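Each remark here refers to the structure printed beneath this line.
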Amino acid sequence: MNGNDYVEDDQKRSYNVSSQNNWAYSCSGAFDSEIVNSSDYVKNTTYGISNDIYVTARLCHVSLKYYGFCLRQGKYVVKLHFAEIVYSEGEDHSILGERVFDVYIQDERVQENFNPKVAARGAKKDVILNYTALVKQDHTLRIHLYWAGKGSLFTPPGTNGPLISAISVTPGMKSPQYPFIVQFSVWFSC
């Protein structure tokens with residue numbers, strides 16, 4: 001995608017390590033075990049999205065963490081791609097739902113009370129957050145989306161936590177290494 005390798009992330013588990021062992025995610029915080037099943041972690045929409053990258057999203061109840069492993073020390077450009085595809089249907093009133101969460105990069109909060117629908121000015125519209133991350137001696141990039149109890153609580157039940165459609169990570173400096181992409185689309189360099 002855009003000259004980069006692309007790796008699809010369509011696992012319907014609460015955690016996954018890529019087959020190349022260079023990225024992983026964990027999804028936690030099911031506050032009502034009766035509404036949790038594996039399909040809750042991946043949401044899809046079939047219409048109303050202008051770019052295919054936003055048709056699918058990973059959704060977690062409270063906490064969603066992505067890790068990029070074996071990265072060289074230095075600065076990286078991190079782009080987080082969002083589109084609200086769950087709170088989007090007018091006929092079932094889910095469009096009234098509000099998703100609000102915090103964004104952390106390298107364990108520092110970089111965005112508080114982020115609402116993808118408000119930021120994009122509507123449901124099923126995309127918005128990209130851009131950050132610079134400094135990878136240090138542990139060679140790991142940490143991206144954490146955390147629902148801090150704000151926004152809608154029960155519209156519909158269990159779907160109010162963070163969601164993301166894609167992550168791209170590219171070196172902020174010249175490097176012989178090549179970026180790759182994962183879907184939801186997560187792009188990591190390794």
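Residues 1 to 190 in full-length UniProt numbering are what the sequence shown lists, from first letter to last.
Think of the CB as a built atom: it goes at the ideal place given N, C-alpha and C, for glycine as much as any other residue.
Every value quoted in this text rests on a predicted model; they were computed, and no experiment measured them.
Could you check if residue i is buried or exposed, using at least 16 other CB atoms within 10 Å of its CB as the buried criterion?
i, result
"T132", "exposed"
"L145", "buried"
"R58", "buried"
"S28", "exposed"
"V7", "buried"
"D9", "buried"
"K124", "buried"
Quick one: residues in its chain with C-beta nearer than 6 Å to the C-beta of residue i, no 5 flanking neighbours on either side, listed in chain order?
i, result
"W147", "V62, F101, G161 and P162"
"Y104", "H144"
"Y54", "A83, D126 and S165"
"L64", "C27, L145 and P162"
At which residues does the beta strand (DSSP E) containing residue i begin and terminate?
i, result
"C27", "W23 to S28"
"Y41", "Counting along the chain, Y41 falls outside any beta strand (DSSP E), and DSSP gives it neither H nor E."
"R142", "L141 to Y146"
"R58", "T56 to L59"
"I167", "A166 to P171"
Could you tell me if the beta carbon of residue i falls within a distance shorter than 8 Å of some heavy atom in the ligand ZN?
i, result
"V42", "You won't find the ligand ZN in this model; it holds no ligand whatsoever."
Is the CB-CB distance between residue i and residue j below 9 Å?
i, j, result
"R99", "S18", "no"
"Q111", "L141", "no"
"V42", "S168", "no"
"F114", "L134", "no"
"N16", "C70", "no"
"residue 191", "A24", "The chain is shown from 1 up to 190; residue 191 falls before or after that span and cannot be answered."
"G149", "G74", "no"
"T56", "S88", "no"
"V86", "T170", "no"
Which residues in the same chain have their Cβ closer than 8 Å to the Cβ of residue i, if we skip the five residues on either side of it in sequence?
i, result
"P116", "F82, A83, E84, R99, V127 and L163"
"A120", "F82, A83, E84, D126 and V127"
Output needed for residue i: all residues of its chain with C-beta closer than 7 Å, excluding positions within five of it in sequence on either side, in chain order.
i, result
"D138", "none"
Q) In chain order, which continuous runs of the alpha helix (DSSP H) of length 4 or greater are located wholly inside the segment 77-139? A) 116-119
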